[in-house]
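**Student:** The structure is given below, and queries will be raised subsequently.
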Amino acid sequence: MQNADLLMASALLVPAVAGILCLLLKVPAAQKVVVVILTVFLILATTLIVQKGPFSYSPPPLGPLPWDQLLLVGDAALILSFFYFGWRAKNNLILGLTAAQTIAVGFLEYRLSQAHPAGEAIFVLDHLSLVMAVVIGVVGSAIALYALHYMDTHEHHLHLQASRQGRFFAVILVFLGAMNGLVFADSLPWLFFFWEVTTLCSFLLIGHDDTEVARQNAQRALWMNLVGGVAFACGMIVLLDQAHTLSIQKILATSKPSAALLAAMGLVVIGGFTKAAQMPFQSWLLGAMVAPTPVSALLHSSTMVKAGVYLVVRMAPAYEGTWLSQAVAVAGGFTFVATAALAVSQSNAKRVLAYSTISNLGLIMACAGINNALAISAAILLILFHAVSKGLLFLAVGAIEQRIGSRDIEDMEGLLGRMPVTTVVTLVGILSMLLPPFGVLIAKWAAIEAAARAPLVMVMIAAGSAFTVVFWTKWMGRLVSLPPSTQPLPRETMSPFFSIPLVGLAAGAVVLTALVGPVMDLLIEPAVALTYASKGLEAAGGLVASNIGTFPVWPLLIVLAVLLLVAYVASTGREQRVQPAYLCGENVPDLEAAEFRGAADQPQALAMRSYYFEDWLGETRLTKLANPIALVLLVAILGVAFL
Amino acid sequence: MIENTLIAILALVGAPLLGGLLYGVDRRLTARLQNRVGPPLEQPFYDVIKLWAKDQVVPNRSQALYVYGYLGAAMAGTVLFFLQQDMLVVLFVLALGSIELVLGGFSVKSPYSQIGSQRELLQMLAYEPVLLLFAVGVFMATKSFMVASAFTVTQPLLFSLPLVAISLIFVLGLKLRKSPFDTSASAHAHQELVRGIFTEFSGRHLALVEVAHWYELVVILGFVALLWTNPLVVGVGLALVFFLAVIVIDNITARLTWRSVLRLTWLGGALVAIVNLAALYAFGGRFLN
């Protein structure tokens with residue numbers, strides 16, 4: 001048991017302590033040392049936890065106060081801080097929602113003190129928790145390292161008098177600890193506590209730059225997440241009343257849920273939907289893009305928003321085969337297609353990434369709603385692979401933005417000729433989101449096959465996938481568009497704090513795909529097997545197979561490698577004459593000019609833009625159309641419990 | 644294993660021969676419809692051989708990557724199809740090839756090829772959902788996504804998927820870039836887009852792109868043939884009828900704008916397919932007993 005004490009303390013408490021240390025140490029160099037040590041430590045702790053495998057754990061009593069009273073203190077502190085921030089911003093919405101949450105949590109605690117559910121562990125680590133822990137530990141550490149260099153440049157650009165990095169890293173590290181707590185918790189009130197800590201961290205980090213727009217967006221993120229928090233807390237009250245327990249394991253073991261229990265589940269699911277920024281709550285995540293890019297990478301794509309889908313996937317067995325499950329599938333599928341279409345109209349790279357994140361989370365929700373072994377396998381695969389690829393893409397966009405001073409995709413035209421390493425890393429990131437045989441596509445393949453039994457969801461996934469192809473390929477098209485040149489690509493220099501996370505995650509996306517067999521065997525299959533009798537996916541001999549289809553991962557990887565080799569040999573082996581593009585013979589003689597002879601034979605620069613279909617898929621138009629539909633679907637999630 | 648290797652080699656050699664010949668039929672038939680004699684059937688092969696022998700002129704050094712990517716994906720998709728693998732995987736791999744081609748168009752700073760690439764993406768936006776719906780339709784009737792499952796049915800898939808079959812004509816037209824779906828490129832270089840997405844490919848690279856087309860054509864027609872596998876000759880005949888229909892439509896229609904292409908394919912293709920699937924779902928996988 002000593003061992004478990006140590007591991008849990010390393011995963012939960014040490015990051016928080018290191019965070020506070022960052023805040024106290026005013027010297028930037030010392031803060032950096034703390035962050036570097038903590039990231040190494042966190043990766044180590046995660047490895048050990050995964051090695052130890054599933055276990056349940058309750059911390060030994062700490063002094064005279066029992067843990068459930070400490071939880072009460074923690075909840076109270078959170079609520080007070082929300083009140084404080086609402087009061088400081090004079091935001092009545094935040095104040096009102098915090099008041100509602102106070103009542104809900106207060107009532108819950110009161111009922112909990114009466115019910116005295118005894119003998120329940122606070123933490124239960126199973127394979128699903130371990131998948132999340134890997135994401136938090138590995139991707140989280142990579143992003144924290146990257147942030148060390150990023151924030152220096154960021155603050156340099158902002159011309160700050162005094163560095164605010166202590167505050168920044170403090171919140172990031174506390175967040176990492178809270179995230180671990182969230183995915184390890186089996187007691188819902190504890191999960192809720194960590195959930196609210198991440199809400200607070202998100203609020204603080206979105207507002208970190210303290211500009212007007214940052215403050216506004218932070219407040220929006222806070223109130224929307226508080227809506228989810230209130231729904232979650234109300235759900236727990238009903239759950240406790242109906243199931244007489246708030247242990248996830250025990251709730252999942254309940255057979256044949258009653259209508260009230262399903263309604264409670266619906267409330268919890270809505271909590272998950274707000275956290276995962278599903279439509280109609282997507283605006284908070286889009287607003288969150290004002291935060292420094294490491295924040296977007298860490299909280300708003302690879303980890304915190306995953307908590308939303310984690311909760312819904314975690315609870316899925318409890319509402320398997322019900323109308324609620326179907327409603328979740330449809331709502332998730334709708335978010336998937338609507339936000340994929342919205343992403344097509346965006347030229348701001350971070351907004352494209354944000355929409356794509358929401359879209360993928362929608363697909364995970366849809367899988368949770370389809371709710372069979374195959375769909376849940378797809379959901380967990382997607383949680384894992386999306387975190388790596390999307391974390392990578394955010395970091396790449398951050399690096400690009402700091403170099404070229406823009407996050408507009410149009411300004412990235414021909415970036416391959418200016419920042420070849422970063423561009424190739426970005427391309428790997430996009431390709432790993434989009435193409436076979438990479439992990440995200442394995443998940444999408446499994447999702448489509450699972451959805452084939454739910455035709456409405458299937459149609460939405462088919463349409464959404466097509467939009468996904470369009471926005472990613474358009475972006476890649478800008479990156480690779482080059483004027484003719486006989487020069488070799490320039491060398492690009494990068495800080496190791498950038499190159500190690502970027503190249504590491506890019507390699508990770510490829511290697512993780514190659515290792516999909518062991519990943520399936522060690523983490524995903526056991527996670528699914530916990531609650532589903534049948535097998536979803538099975539990996540053997542370089543293939544991933546369900547009982548209705550086969551995905552040849554290794555054969556396709558080999559084909560890809562051979563193609564790269566052949567193309568390389570072909571492009572270097574034979575004499576190639578580089579000629580300017582065809583411009584009806586009106587080219588300016590200089591090969592590399594990218595100009596043509598315009599009116600009065602004056603040279604005119606060649607300028608091209610991508611299509612964005614503003615009038616068709618524009619944000620104002622489509623959002624106005626889609627939000628009401630999404631709202632109806634959300635109401636359906638609550639309502640169908642009574643069918 | 645040996646059998647599979649043989650099938651793969653046969654597919655890699657046979658598919659382009661068949662595909663090239665079909666393109667020859669296209670050239671010839673189109674000529675006849677236009678009161679011309681037209682070239683011999685094997686003309687596409689002569690074209691490719693001639694292109695292969697030309698000096699290599701490229702707009703940039705990265706073009707080879709996209710060309711070989713496109714061809715390689717088309718070849719891989721063909722092999723997977725004839726090994727009767729997962730239909731979704733075949734579609735994904737073909738889509739990988741199409742994306743490579745689009746990137747090839749984007750990689751040159753040329754207004755013609757870039758607009759061609761943008762429009763090719765829209766063509767993909769139009770036909771990708773339809774192809775996925777086809778695969779789902781086959782799944783509903785056979786309970787499997789493997790191509791092999793189409794050979795286990797007791798009644799032709801056409802009876803379960805009559806409307807989906809119609810939507811495949813749209814896909815074929817879009818894939819072949821035939822009128823009225825030739826927004827991203829067309830057979831002749833004298834339109835406002837020059838040759839659209841293909842403008843900047845020449846010599847060996849253009850030859851490889853042509854060969855990739857042949858592979859793709861055979862796979863798409865192969866999907867059509869799955870609609871009637873017992874005896875397979877009916878399915879092959881059906882595929883030929885579809886192919887001829889697309890050529891006739893090409894010659895009697897004019898090019899649409901991309902908006903109309905999208906609208907037409909989604910309404911006439913995807914929506915019709917969805918109606919088919921919804922009915923099939925309600926009937927539990929087959930209409931006739």
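Top to bottom, those sequences are chains C and B.
As numbered in this note's numbering, residues 1 to 643 make up the first sequence, in order.
As numbered in this note's numbering, residues 644 to 932 make up the second sequence, in order.
Glycine residues also receive a C-beta, built at the ideal position from the N, C-alpha and C atoms.
Whose C-beta lies closer than 8 Å to the C-beta of B:V867 among residues of the same chain, with five residues either side of it excluded?
**Tutor:** Indexing the second sequence from 1 puts residue 867 of chain B at position 224. So the list reads A808, L811, L815, G878, L881, A882 and F885, once near-sequence residues are dropped.
**Student:** With a cut-off of 9 Å, does the C-beta of B:A738 fall near any C-beta of chain C?
**Tutor:** The count along the second sequence starts at 1 and reaches residue 738 of chain B at position 95. It does; some Cβ of chain C falls within 9 Å.
**Student:** Return the first residue and the last residue of the beta strand (DSSP E) that C:F596 is part of.
**Tutor:** Within the first sequence, numbered from 1, the residue matching residue 596 of chain C stands at position 596. Where C:F596 is concerned, the enclosing beta strand (DSSP E) stretches over E595 to R597.
**Student:** Using only alpha-carbon positions, find the residue among C:A291, C:A507, C:F273 and C:P483 that is nearest to C:A218.
**Tutor:** Here residue 218 of chain C refers to the residue found at position 218 of the first sequence. It is C:A291.
**Student:** Between the segment 475-482 of chain C and the segment 408-420 of chain C, do three or more beta carbon pairs fall short of 8 Å?
**Tutor:** Touching, per the Cβ criterion.
**Student:** Please report the residue range of the alpha helix (DSSP H) in which B:A855 lies.
**Tutor:** Working through the second sequence from its first residue, we reach residue 855 of chain B at position 212. Unbroken alpha helix (DSSP H) run through B:A855: G846 to A868.
**Student:** Got a sec? Which residues, its chain only, sit under 7 Å from C:L148 by beta carbon, not counting five neighbours each side?
**Tutor:** Within the first sequence, numbered from 1, the residue matching residue 148 of chain C stands at position 148. Within the same chain, C:L148 has close Cβ partners K32, V35 and F497.
**Student:** Going along the chain, which residues of its own chain have a beta-carbon closer than 6 Å to the beta-carbon of C:L239, five neighbours each way excluded?
**Tutor:** Here residue 239 of chain C refers to the residue found at position 239 when the first sequence is read from its first residue. Within the same chain, C:L239 has close Cβ partners A264.
**Student:** Using three-state DSSP, classify C:M1 as helix, strand or coil.
**Tutor:** Stepping through the first sequence from its first residue, residue 1 of chain C is reached at position 1. For C:M1, the predicted structure reports a pLDDT of 46, less than 50, and the residue's modelled location is therefore unreliable. A value from the coordinates is still provided. In the structure shown, C:M1 sits in coil (DSSP, three-state: anything other than H, G, I, E or B).
**Student:** With a CB to CB cut of under 6 Å and the five nearest residues on each side skipped, what residues in its chain are close to B:G839?
**Tutor:** As a position in the second sequence, residue 839 of chain B is number 196, starting the count at 1. Correct list, in chain order: G759, S827 and A828.
**Student:** Any contact between the segment 740-758 of chain B and the segment 662-682 of chain B? By contact I mean 3 or more CB pairs, one from each, below 8 Å.
**Tutor:** No, the segment 740-758 of chain B is not in contact with the segment 662-682 of chain B.
**Student:** Using the C-alpha atoms, what's the distance from C:L502 back to C:M151?
**Tutor:** Within the first sequence, the letter at position 151 stands for residue 151 of chain C. Within the first sequence, the letter at position 502 stands for residue 502 of chain C. Computed Cα separation, rounded: 16 Å.
**Student:** Whose CA, out of C:V197, C:A99 and C:F107, lies closest to the CA of C:A16?
**Tutor:** Within the first sequence, numbered from 1, the residue matching residue 16 of chain C stands at position 16. Selected option, being the one with the closest Cα: C:V197.
**Student:** Along the segment 690-714 of chain B, where does the CB come closer than 9 Å to a CB of chain C? Name the residues.
**Tutor:** For the segment 690-714 of chain B, which is checked against every Cβ of chain C, the residues closer than 9 Å are D698, Q699, V700, V701, P702, N703, R704, S705, Q706, A707, L708, Y709, V710, Y711, G712 and L714.
**Student:** Measuring CA to CA, which of C:I430, C:T153, C:V553 and C:Y355 is closest to C:T335?
**Tutor:** On the first sequence, position 335 is the one that residue 335 of chain C refers to. Per the Cα distances, C:Y355.
**Student:** Measure from the alpha carbon of C:A233 to the alpha carbon of each residue in C:G106, C:H159 and C:S258, then state which is nearest.
**Tutor:** Position 233 of the first sequence holds residue 233 of chain C. The option with the nearest alpha carbon to C:A233 is C:G106.
**Student:** Quick check: the Cα distance between B:L914 and B:L801, rounded to an integer number of angstroms?
**Tutor:** Your numbering for residue 914 of chain B matches position 271 in the second sequence. Your numbering for residue 801 of chain B matches position 158 in the second sequence. Roughly 18 Å separates the two Cα atoms.
**Student:** Count the other CB atoms, across all protein chains shown, that sit within 10 Å of the CB of B:N647; report buried if there are 16 or more and exposed otherwise.
**Tutor:** One-based indexing of the second sequence puts residue 647 of chain B at position 4. Classification for B:N647: exposed.
**Student:** I'd like to know whether the C-beta atoms of B:A732 and C:T468 end up nearer to each other than 9 Å.
**Tutor:** Within the second sequence, residue 732 of chain B is the residue found at index 89, counting from 1. Within the first sequence, residue 468 of chain C is the residue found at index 468, counting from 1. According to the sequence as given, residue 732 of chain B is Val; it is not Ala. Cβ atoms of B:V732 and C:T468: not closer than 9 Å.
**Student:** Do three or more CB pairs link the segment 354-374 of chain C to the segment 269-287 of chain C at distances below 8 Å?
**Tutor:** They touch, by the three-pair rule.
**Student:** Check the DSSP bridge columns for C:F642 and list the partner residues they point to.
**Tutor:** Reading the first sequence from its first residue, position 642 is the one you call residue 642 of chain C. According to DSSP, C:F642 bridges with nothing at all.
**Student:** For C:D75, count neighbouring Cβ atoms within 10 angstroms of its own Cβ and tell me buried if that reaches 16, exposed if not.
**Tutor:** What you label residue 75 of chain C is simply residue 75 of the first sequence in a count that begins at 1. Buried, by the Cβ-count rule.
**Student:** Can you tell me whether DSSP reads C:A121 as helix, strand or coil?
**Tutor:** Taking the first sequence and counting its residues from 1, one reaches residue 121 of chain C at position 121. Of the three classes helix, strand and coil, the one that applies to C:A121 here is coil, per DSSP.
**Student:** Among C:Y532, C:A466, C:N92 and C:M458, which has the Cα closest to the Cα of C:L252?
**Tutor:** Sequence index remark: in the first sequence, residue 252 of chain C carries index 252 (1-based). That would be C:Y532, whose Cα lies nearest to the Cα of C:L252.
**Student:** Just the Cα atoms here: how many angstroms apart are C:Y319 and C:Y310?
**Tutor:** By one-based count along the first sequence, residue 319 of chain C stands at place 319. By one-based count along the first sequence, residue 310 of chain C stands at place 310. Roughly 15 Å between the two C-alpha positions.
**Student:** Is DSSP giving B:N703 helix, strand or coil here?
**Tutor:** In the second sequence, counting from the first residue as 1, residue 703 of chain B sits at position 60. Coil, per DSSP.
**Student:** Would you tell me roughly how many angstroms separate the C-alpha atoms of C:I20 and C:A170, rounded to the nearest one?
**Tutor:** To locate residue 20 of chain C, count along the first sequence from 1; it is residue 20. To locate residue 170 of chain C, count along the first sequence from 1; it is residue 170. Roughly 6 Å between the two C-alpha positions.
**Student:** Roughly how many angstroms lie between the CA atoms of C:L427 and B:V852, to the nearest whole one?
**Tutor:** In the first sequence, residue 427 of chain C corresponds to position 427, counting from 1. In the second sequence, residue 852 of chain B corresponds to position 209, counting from 1. Using only the alpha carbons, I get a separation of about 23 Å.
**Student:** Please identify the residue among C:G391, C:F194 and C:F596 whose C-alpha is closest to the C-alpha of C:L78.
**Tutor:** Within the first sequence, the letter at position 78 stands for residue 78 of chain C. If we check each option's Cα against that of C:L78, C:F194 comes out closest.
**Student:** Which ranges would you report for the alpha helix (DSSP H) in the segment 291-332 of chain C if only whole runs of at least 4 residues count?
**Tutor:** Whole alpha helix (DSSP H) segments, 4+ residues: 293-297 and 304-315.
**Student:** Would you say B:P754 faces chain C, with C-beta separation under 9 Å as the test?
**Tutor:** The count along the second sequence starts at 1 and reaches residue 754 of chain B at position 111. It does; some Cβ of chain C falls within 9 Å.
**Student:** Less than 8 Å separating the Cβ of B:F824 from some heavy atom of the ligand NAD?
**Tutor:** This structure lacks the ligand NAD, and indeed carries no ligand of any kind.
**Student:** Short check: CB of C:T322 to CB of C:P420, under 9 Å?
**Tutor:** Looking up residue 322 of chain C in the first sequence gives position 322. Looking up residue 420 of chain C in the first sequence gives position 420. It is not a contact, given that the beta carbons lie outside the stated cut-off.
**Student:** Taking B:Y924 as the query, report the chain C residues whose CB atoms sit under 8 Å from its CB, ordered along the chain.
**Tutor:** Along the second sequence, one-based indexing puts residue 924 of chain B at 281. Residues of chain C passing the Cβ test: P455.
**Student:** Within this structure, are the beta carbons of C:L98 and C:L191 separated by less than 9 Å?
**Tutor:** As a working mapping, residue 98 of chain C is identified with position 98 in the first sequence. As a working mapping, residue 191 of chain C is identified with position 191 in the first sequence. Strictly speaking, residue 98 of chain C in this sequence is Thr, with Leu absent from that position. Not closer than 9 Å, so no.
**Student:** Within a Cβ cutoff of 6 Å, which residues of the same chain sit near B:L776, ignoring the five residues on either side of it in sequence?
**Tutor:** Start at 1 with the first residue of the second sequence, and residue 776 of chain B comes out as number 133. The answer, listed in chain order, is A916.
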